[in-house]
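Those protein sequence lines, which keep their order, are chains A and B. So the first sequence is numbered by my numbering: it starts at 1083 and just counts up by one. So the second sequence is numbered by my numbering: it starts at 372 and just counts up by one. Cβ atoms here follow ideal geometry from the backbone N, Cα and C, with glycine treated the same way.
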Amino acid sequence: MNFEKLVQKAKKEYYSIFRGEPPAILIGSATCGISAGSNEIKKVIEDEITRENIEARIIPVGCIGSCYAEPLIGIFKDNKEGIFYGPVNKKIVKEIIKKNIIEDEVAEENILGTIQVKETGNTGSFFESDFMRLQSRQILRRCGLINPEDINHYLATGGYTGLLKALEMGADEIIDTIKRSGLRGRGGAGFPTWLKWDLCRQSNSKEKYIICNADEGDPGAFMNRSLLEGDPHSVIEGILIGAHTIKAKKAYIYCRAEYPAALEKLEKAIKDLDKIGLLDIEIVIKRGAGAFVCGEETALIASIEGRRGMPRTRPPFPTTKGLWGKPTVINNVETFAAVSLIFQEGVEQFSSIGTGSSKGTKTFSLVGDVKRTGLIEVPLGTTLKRVIFDIGGGIKNGGNLKAVQIGGPSGGCLPASMMDTEIDYDSLTSAGAIMGSGGLVVLSDDSCMVEIARYFLEFTQRESCGKCVPCRLGTQQMLLILNDIVQGNGSPEDIETLHEVAEAVKAASLCGLGQTAPNPVLTTLKYFREEYVEHVMNGRCPAAYCRELMHYFIDEKLCTGCMVCSKVCPADAIVGLEDEVHFIDQEKCLKCGSCMDVCKEGAILKVPGPGKSIE
Amino acid sequence: MQKLREILESYQGKREDIIPILQDIQGKYGYLPENALRELSKFTGVSESQIYGIATFYAQFRFTPKGKKHVMVCTGTACHVKGSDQIIDAIQRHLKIKEGDTTPDNEYSLEAVGCIGCCSLAPCAMINEKVISRIKPRQIKRLLPQKS
Ligand SMILES: Cc1cc2nc3c(=O)[nH]c(=O)nc-3n(C[C@H](O)[C@H](O)[C@H](O)COP(=O)(O)O)c2cc1C
Ligand code: FES
């Protein structure tokens, strides 16, 4: 069958879902959705459909981004706008089926908005909601609205037309197109994608490789996972365009083993692509084995070759000497998806979004103490304030914003006063952070910045491959100091030492891991120095976060002796008889805060300072 | 050893096969048994010490068997901020084992792992393949019931 016919058939099939004849039920079934219970919801829906003997299709889709509202379902019926509901539970879902499908009324509970999906574009109140309105869904435009395991859904929405366009172009024209788009790598450093491809294309070698970096080792980031789970073909299409440009016959996708669902979807996508005859290179999937440093390109190459994932000095860069010593292009997942976007939708659409030096959009995982956590995509140049307050809905539980951690372990912490910073490669770098791959962790007053710095140091120290001395010993030294400080054993000189070691590690390390490991320390020292000072001078953690420097305390005046707290305490640390005031045994207390969560009287308080000194 | 032979048969024995084979072995046995590593060394012609060198480098590999239920607590940034340390603490107390260990009855093993990609629903843990999100310390006793 020729491509045109294939697409016609695919469109007919795909758009019929949204006409809802017979009714269609979309279920968010990405890893996040499943963890929130979407499999159980699906079971309930299946049972209801059988029991009520109604005709309906169930379509598993990826994550539409509203993780905060998971589990999430969408119902399409009778040519009407579809309705998205979330969060749903087993009871609500039965109600929704009854009202929305059987009785043809709108179920009122937990409506997120309406959605209409048409060939001419998507509309509906969901896209007008606060969470969606300020975003620009480009890379993620299909996530949550297609079945990632059905190639027809991809074909129906413009899939592989970018590849066909590219196949008609010469390499010069492709590279020029990407150059005009202004695309920079989405894996962290923001290197111009056209230049990388051009360098590799210029090397004359018969054998060349293309690698997709899907390692996503940044803790707190899941953009690549969501994209691979929600729209795997968009990444594969970009890989094929790359292979065609540099004339590679083999491509590797290096994906974390922690992402089993993404791996599965990729395998299926490659098989399906082969079936329709569009796969003209070999694509090999390599499962990572749990080492953060393997996200670094030279380490990743070593890992594919079957060695320890140790970085090496560059140059030579992989574009001249990469996998098996051959010229290799290595790009991030989102970069490849951006390439397919550019070829499908045109350069102008892509480059009209963004700022002078940072074009297009960027996806972020918005997590931490923000109300609406999830996967977002915003035009580059959007301010942090807009992301956290307008899209994310501000801080949870009425707290105040303290800082944003951006760029993962290599990034930095920006204080609340800097929320007018625009998200683009250069503004973030001058603020002392980096774009990174897109983890955005929002921190409220409840977080201790010294502890956050310690956390990242523990991470980089553990993940340092140990090859170079500054990184191996420097991160260890910094961690020891930070451990002392958060335990109340720090001394005033520690702050200066910490600063010195950090500068040295930054200057002298071999690879990006070591060069950037001090960033969380340096930014917190710069913006939150007074917190360090409080810890070392007064043994106090102002945020009452560091476990050795805080304790929970029951206010006698407020405690009614209802025993709710003692029942939930996982350490049996709360003593007291019914109707009498309760006490916390500080020796046993885990400081988990379970008691505070459940106390209706607000009688449990978090206090800075060790418990013993109070008694 | 039959299982091991089946795994090896699907590979050519090249150096780049080592990590995938180790993953397959661990997938079948739940850990890397010593004699399997010896066979792998013969199969690929790469020395045993080098194979150990590779296996110990990557966090995924373990050299002791897992419990029937392998509990992995995420220690990624989002989960850390939401109190994954306390989750680990609570599990350690409840199961009376340390992180990295297995209960004497082989029922549970406990491991701290890097981000599992569900940060928006932090804190998270995984029991075998199943992700449990928004986990609370007070749920531990119910999630990990003990026989006695
Ligand atoms: C320690 C370290 C970890 C990295 N981890 C990743 C990662 O998980 N994913 C990624 O795409 N790039 C990662 N990078 C960046 C890559 O080395 C490389 O720059 C990137 O894959 C290039 O792709 P791009 O040009 O499309 O951004 C990491 C770099 C360092 C130094
Ligand atoms: S930080 Fe725990 S799942 Fe990402």
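Identify, in the order they occur along the chain, each residue of the same chain with its Cβ nearer than 8 Å to the Cβ of A:K1453, setting aside the five sequence neighbours on each side. Y1150, G1474, G1475, G1476, I1477, K1478
Assuming B:L481 contacts B:R433 under a Cβ cut-off of 8 Å, what Cβ separation, rounded to an integer in Å, is found between them? Not confirmed; about 12 Å, so no contact.
CB of A:F1158 to nearest heavy atom of ligand 2: below 8 Å? no
Under a Cβ-count criterion, where at least 16 other Cβ atoms within 10 Å of its own Cβ denotes burial, should A:R1611 be classed as buried or exposed? Looking at its Cβ environment, which holds fewer than 16 other Cβ atoms inside 10 Å, A:R1611 is exposed.
Residues of the stretch 406-423 of chain B with Cβ closer than 7 Å to any Cβ of chain A, in chain order: Only those residues of the stretch 406-423 of chain B whose C-beta falls short of 7 Å from the nearest C-beta of chain A would be listed, and there are none.
Check whether the Cβ atoms of A:N1192 and A:I1174 sit closer than 9 Å, and answer yes or no. yes
Rounded separation between A:S1695 and A:E1630 - CA only: Caution applies to A:S1695, whose pLDDT of 43 falls short of 50 and renders its modelled position unreliable; the model cannot decide the point.
Compute the Euclidean distance between the alpha carbons of A:L1525 and A:S1308, then round it to the nearest angstrom. 23 Å
Which parts of the stretch 1301-1335 of chain A are runs of the alpha helix (DSSP H), unbroken and 4 residues or longer, counting only runs that do not cross its ends? If we require 4 residues or more, the alpha helix (DSSP H) runs fully inside the stretch 1301-1335 of chain A come out as 1305-1312, 1314-1328.
Own chain residues within Cβ distance below 6 Å of B:I498, not counting five before or after: K440, V442
Quick check on B:D476 - is its C-beta less than 9 Å from some C-beta in chain A? no
Comparing the CB of A:A1112 with every heavy atom of ligand 2, is any distance shorter than 8 Å? no
Counting pairs of Cβ atoms below 8 Å between the stretch 1264-1282 of chain A and the stretch 1349-1356 of chain A, do you hit three or more? no
Is it true that the CB of A:C1593 sits closer than 9 Å to the CB of A:T1380? Contact flag set, yes.
Which residues in the same chain have their Cβ closer than 8 Å to the Cβ of A:C1681, if we skip the five residues on either side of it in sequence? V1646, C1647
Considering only C-alpha positions, which residue in the set B:S381, B:Q373, B:P436, B:G424 is nearest to B:Y603? Not covered by the structure: residue 603 of chain B. The range shown for chain B is 372 to 519.
Answer yes or no: does any C-beta atom of chain A fall closer than 9 Å to that of B:K440? With 9 Å as the cut-off, B:K440 does not count as an interface residue toward chain A.
Give the single residue among B:L492, B:F414, B:G488, B:I503 whose Cα lies nearest to the Cα of A:E1311. B:G488
With a threshold of 9 Å between beta-carbons, can B:Y429 be considered close to chain A, or not? yes
For A:E1190, count the other beta carbons within 10 Å of its own beta carbon; 16 or more makes it buried, fewer makes it exposed. Which is it? exposed
Expressed to the nearest angstrom, what Euclidean distance is found between the alpha-carbon atoms of A:G1700 and B:I389? Not covered by the structure: residue 1700 of chain A. The range shown for chain A is 1083 to 1697.
Does A:R1266 come out as helix, strand or coil in the three-state DSSP assignment? strand
Have a look at B:H465 and B:A496 and give me their C-alpha separation to the nearest angstrom. 15 Å
Would the beta-carbon of A:V1773 be found less than 8 Å away from any heavy atom of ligand 1? Chain A is shown from 1083 up to 1697; residue 1773 of chain A falls before or after that span and cannot be answered.
Which residues bound the beta strand (DSSP E) around A:F1635? 1632-1636
Please work out which residues of its chain come closer than 8 Å, Cβ to Cβ, to B:V502, disregarding the five sequence neighbours upstream and downstream, and give them in chain order. Result list for B:V502: I487, C489, C495, A496, in chain order.
Is there at least one Cβ from chain A nearer than 9 Å to B:Q517's Cβ? no
Where A:P1153 sits in the DSSP three-state scheme: coil
So with CB distances below 7 Å, who are the chain A contacts of B:K507? S1676
Between which two residues does the beta strand (DSSP E) carrying A:K1484 extend? 1483-1488
Taking C-alpha atoms, which residue in A:G1675, A:V1663, A:E1533 lies nearest to A:P1624? A:E1533
At a cut of 8 Å, does the stretch 1667-1677 of chain A reach the stretch 378-389 of chain B through at least three beta carbon pairs? no
Unbroken alpha helix (DSSP H) run spanning A:T1113, endpoints: Where A:T1113 is concerned, the enclosing alpha helix (DSSP H) stretches over 1113-1117.
Inter-residue Cα distance where the pair is A:E1697 and A:P1602: Confidence is the limiting factor: at A:E1697 the pLDDT is only 42, short of 50, which leaves the residue's position unreliable and the question unanswerable from this model.
Those residues, in chain order, that have a beta-carbon closer than 6 Å to some heavy atom of ligand 2: A:P1301, A:G1302, B:C445, B:G447, B:T448, B:A449, B:C450, B:C486, B:I487, B:G488, B:C489, B:C490, B:A493, B:C495
Use the C-beta contact count for A:V1587: other C-beta atoms within 10 angstroms, 16 or more gives buried, fewer gives exposed. buried
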